[in-house]
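Quick note: the sequence shown, position 83, residue 88 per this note's numbering, numbers continuous.
The beta-carbon is built from N, C-alpha and C at its ideal position, and this holds for glycine as well.
The structure appears right after this line, and notes come after that.
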Amino acid sequence: MLIYGLPAMPCDYSNRLQAQSVRGGLPKGLVFLSRAVKNTKLKQEAIALLSQIPDAKFLKPIIHQKQAIADTSGQSLTVWDLPGQAASEAAIEYDRLFKAILKQLPEGV
Numbered sequence: 006m007l008i009y010g011l012p013a014m015p016c017d018y019s020n021r022l023q024a025q026s027v028r029g030g031l032p033k034g035l036v037f038l039s040r041a042v043k044n045t046k047l048k049q050e051a052i053a054l055l056s057q058i059p060d061a062k063f064l065k066p067i068i069h070q071k072q073a074i075a076d077t078s079g080q081s082l083t084v085w086d087l088p089g090q091a092a093s094e095a096a097i098e099y100d101r102l103f104k105a106i107l108k109q110l111p112e113g114v
């Protein structure tokens, strides 16, 4: 799996082709829904749209919008460090997402 940004400067196309041949083709794309609001039509529409992206797998774990997540950066903590039910729920959602990502990695990685 590779997160890839477009280069701002010209790059050597043959180097990319060589890397793809060593890796067995293009990297696998993964997408997930973040900051979703529970029980909304927008969430259902986003899921339907993301599920249709060609050449990318939609991961089912969803990160819902919670104040606890927004509070983490200001407090220099993670959702696993914060007290409260909202933080615990967010931690569970992130655990599920990370496990789904790890399942997509090739064997032996």
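Taking the C-alpha atoms as reference points, what is the distance between residue i and residue j?
{"i": "Trp85", "j": "Leu55", "result": "28 Å"}
{"i": "Pro66", "j": "Gly89", "result": "21 Å"}
{"i": "Thr77", "j": "Lys71", "result": "11 Å"}
{"i": "Val36", "j": "Tyr99", "result": "14 Å"}
{"i": "Ile58", "j": "Lys104", "result": "21 Å"}
{"i": "Gln80", "j": "Lys48", "result": "28 Å"}
Of the choices the options, whose alpha-carbon is the least far from that of residue i?
{"i": "Ile97", "options": "Leu110, Leu35, Ile74, Ala51", "result": "Ile74"}
{"i": "Asp60", "options": "Lys33, Gln49, Asn44, Leu47", "result": "Lys33"}
{"i": "Val42", "options": "Leu35, Glu50, Val36", "result": "Glu50"}
Check for me: the alpha helix (DSSP H) holding residue i runs from which residue to which?
{"i": "Gly79", "result": "72–80"}
{"i": "Phe63", "result": "Premise fails: Phe63 lies in the beta strand (DSSP E), 61–63, not in any alpha helix (DSSP H)."}
{"i": "Leu55", "result": "46–55"}
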